[in-house]
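Down below is the structure, laid out as structure tokens.
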Amino acid sequence: MKPRDFYRQCLDIECVGGRFSPYLDSIFPSAGSYIRLMRRVEYHSACTGWFHILISKYLKWKLNRFSVTTGISIPPGTCNSGLTLYHHGSIVVNQATRIGRNCCIMNNVNIGANGGS
7 MKPRDFYRQC LDIECVGGRF SPYLDSIFPS AGSYIRLMRR VEYHSACTGW FHILISKYLK
67 WKLNRFSVTT GISIPPGTCN SGLTLYHHGS IVVNQATRIG RNCCIMNNVN IGANGGS
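Here the sequence shown stands for residues 7 to 123, numbered as in this note's numbering.
Following this line, the structure appears as structure tokens:
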């Protein structure tokens with residue numbers, strides 16, 4: 007599947023909620039805006055070209071800052087489509103884990119990976 011098709015599929019399935027301005031997301035962060043930003047990082051990281059590389063670096067920096075603000079730490083590429091986050095606050099997912107489709111993660115959850123199994 008092409009990166010753009012996967013990006014569109016994820017945004018169609020997931021409950022990302024609609025804010026009117028990206029500037030409001032930085033003032034009033036939400037879990038849906040974190041998912042939307044994470045999917046944009048995944049899309050630009052999967053594409054090639056100097057434009058996508060620059061945008062990817064900027065969005066990774068923005069995701070890191072947003073992660074500190076919301077308390078959500080989900081690395082890009084770990085979750086399949088259908089991720090739902092109802093609340094922000096203390097959600098940590100290890101980079102080695104792979105989460106399947108239609109997963110709902112509540113707050114105060116830590117998902118780790120066992121070493122090699």
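From the three backbone atoms N, C-alpha and C, an ideal C-beta is built for every residue, glycine too. Treat the numbers as computed from the prediction; the structure is a model and nothing was measured.
Environment of residue 99 [buried if 16+ CB atoms lie within 10 Å]: In the sequence shown, the residue the question calls residue 99 occupies position 93. Residue 99 is buried by the Cβ-count criterion.
Start and end residues, beta strand (DSSP E) containing residue 97: Looking up residue 97 in the sequence shown gives position 91. Element bounds for residue 97: 97 to 99.
From 14, 109, 95, 106, residue whose alpha carbon lies closest to that of residue 46: Here the question's residue 46 lines up with position 40 in the sequence shown. For residue 46, the nearest C-alpha among the options comes from 14.
Residue 18 to residue 60 span [Cα, whole Å]: Taking the sequence shown and counting its residues from 1, the one referred to as residue 18 is at position 12. Taking the sequence shown and counting its residues from 1, the one referred to as residue 60 is at position 54. Roughly 26 angstroms separates the two Cα atoms.
Sub-9 angstroms separation of residue 44 and residue 9 beta-carbons: Within the sequence shown, residue 44 is the residue found at index 38, counting from 1. Within the sequence shown, residue 9 is the residue found at index 3, counting from 1. Contact: no.
Buried or exposed by the 16-neighbour rule on C-beta atoms within 10 Å, applied to residue 64: In the sequence shown, residue 64 corresponds to position 58, counting from 1. Under this definition residue 64 is an exposed residue.
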